[in-house]
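Colleague: This is the structure I want to talk about, given as structure tokens.
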Amino acid sequence: MIKMENVSMKFGGLYALSDVSFEVNEGELFSIIGPNGSGKSTLFNVVTGVYSPSHGNIYLQNHKITGMPPNRLNHVGMARTFQNPRIFKDITVLENVMIPLLARSNVSLFSEIINIKRQKREYDALKPIAINALEVSGLSDKINQDASKLSYGDQKRLEIARCFAVSPKIILLDEPVAGLNSEERESINHLAKSLNEKGITILLIEHDMKMVMGISNRIMVLNYGKKVALGNPKEISNDPEVIKAYLGVEESDDGTA
Ligand code: ADP
Ligand code: MG
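Heads up: the sequence shown begins at 1164 in the numbering used here, then just goes up one per residue.
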């Protein structure tokens, strides 16, 4: 589904990603873990076209997408959330989800003659899709609220709803549970899993190794921009490189090793 081939990303003299290759299969829930600064968000930014990699190529369903801009990638089925939620606070929860739906619909927002009737028809046709996405994401009772009133957890949920609404092939989630309490973490994890069960491929970044163990098909571990391991949760938790580079430190901290 998504393939990265020998991708490097250099900022000044520093390699945020160094010769990273991996492939995510269709329908997979694939997680990327690693300490802060290990290159996880950079990898997302390269996959989603925010940055063009210094070296290497990226493929979506065997089509080269290296350097393709984010808006074009949206149109070919890629949706993402951000580490810090990016929602429009001055409008309602529903309107936040309507924006990407209207943007990709046939009604051109840029048409010179504004056909109000047609736009209204289009809006009414897309509204149930937005409402369904909000229901799936657990926001059905907040549809008409101002987005500014949402808790941090609900903002993260709204970003996910916005992704789901446009029927993507793949959703990339950048630390969807960071900053949330354990109950909210559990419920967002459940949401990610349920989207995956609907057939959407999920690429998940999580700082917390334990969180991803339960829901991932496979996990890739980054450290200093390099891939240090890739395997299923069991293989990852037993990998000596991972324990040395990452887990060893984390797990001895809280005595759960
Ligand atoms: P992670 O998401 O794993 O915490 P990042 O991908 O955000 O890590 O960062 C990896 C490294 O790349 C860090 O050293 C970071 O400072 C650097 N970096 C990320 N984005 C930029 C940028 N736009 N310009 C310069 N350095 C960057
Ligand atoms: Mg990050």
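We treat Cβ as the ideally placed atom computed from N, Cα and C, and that holds for glycine.
For F1327, tell me which candidate among Y1214, L1206, N1259, G1202 has the shortest Cα-Cα distance.
Modeller: The residue with the shortest Cα to Cα distance from F1327 is N1259.
Colleague: Helix, strand or coil: how does DSSP classify G1230 here?
Modeller: Coil at G1230, not helix or strand.
Colleague: Helix or strand or just coil, what does DSSP make of R1235?
Modeller: Note: R1235 maps to helix in three-state DSSP.
Colleague: Have a look at G1377 and Q1282 and give me their C-alpha separation to the nearest angstrom.
Modeller: So the alpha carbons of these two residues sit roughly 44 Å apart.
Colleague: Spatial neighbours of D1337 within its chain, please: C-beta separation below 8 Å, excluding the five flanking residues on both sides.
Modeller: K1203, S1204, F1207, R1243, T1244, F1245, Q1246, I1368, listed in sequence order.
Colleague: Do the CB positions of I1196 and V1375 come within less than 8 Å of each other?
Modeller: The answer is yes: Cβ separation under 8 Å.
Colleague: Taking only the alpha-carbon atoms, compute the straight-line gap between K1305 and M1261 and give it to the nearest angstrom.
Modeller: Distance between the alpha carbons of K1305 and M1261 is about 14 Å.
Colleague: What separation, rounded to the nearest whole angstrom, lies between the Cα atoms of P1339 and K1361?
Modeller: If you take the alpha carbons of P1339 and K1361, they lie about 19 Å apart.
Colleague: Beta-carbon distances below 5 Å to any heavy atom of the ligand ADP define the shell here; list its residues in chain order, please.
Modeller: The filter returns F1174, A1179, N1199, G1200, S1201, G1202, K1203, S1204, T1205, in chain order.
Colleague: Considering D1182, what are the terminal residues of the beta strand (DSSP E) in which it resides?
Modeller: Its beta strand (DSSP E) spans residues 1177-1187.
Colleague: Quick check: the Cα distance between I1191 and I1363, rounded to an integer number of angstroms?
Modeller: Here residue 1191 turns out to be Glu, not Ile, going by the sequence shown. Between E1191 and I1363, the C-alpha separation is close to 8 Å.
Colleague: Starting from the C-beta of K1166, find all residues in its chain whose C-beta is less than 6 Å away, skip the five residues before and the five after it, and write them out in chain order.
Modeller: The answer, listed in chain order, is E1186, Y1222.
Colleague: Quick one: residues in its chain with C-beta nearer than 6 Å to the C-beta of S1350, no 5 flanking neighbours on either side, listed in chain order?
Modeller: Answer for S1350: no residue qualifies.
Colleague: Identify whether L1366 lies in helix, strand or coil by the three-state DSSP scheme.
Modeller: Residue state, collapsed to three classes: strand.
Colleague: Leaving out the 5 sequence neighbours to the left and right, which residues in its chain are closer than 6 Å to D1416 when beta-carbon positions are compared?
Modeller: Note that D1416 has pLDDT 43, beneath the 50 cutoff, so the model's placement of it is unreliable and the number below is only indicative. So no residue of the chain qualifies.
Colleague: Excluding the five sequence neighbours on either side, which residues of its own chain have a C-beta within less than 8 Å of the C-beta of I1248, listed in chain order?
Modeller: At residue 1248 the sequence reads Pro, which differs from the Ile that was named. Hits under 8 Å: Y1315, Q1318, K1319, L1321, E1322.
Colleague: Output the residue ranges of the alpha helix (DSSP H) runs that lie fully inside the region 1291-1358 and measure 4 residues or longer, sorted by chain position.
Modeller: As far as the region 1291-1358 is concerned, its whole alpha helix (DSSP H) runs of at least 4 residues are 1315-1328.
Colleague: Determine the extent of the beta strand (DSSP E) in which V1213 is found, giving its start and end residues.
Modeller: Careful: V1213 lies outside any beta strand (DSSP E) and carries neither H nor E.
Colleague: What is the DSSP secondary structure of E1275, counted as helix, strand or coil?
Modeller: With a pLDDT of 49 at E1275, under the threshold of 50, the modelled position of this residue cannot be trusted, and the question is left open.
Colleague: Specify the secondary structure class of I1254 as computed by DSSP and reduced to three states.
Modeller: In this structure, I1254 counts as coil in the three-state DSSP scheme.
Colleague: I'd like the span of the alpha helix (DSSP H) that includes M1164, first residue to last.
Modeller: Counting along the chain, M1164 falls outside any alpha helix (DSSP H), and DSSP gives it neither H nor E.
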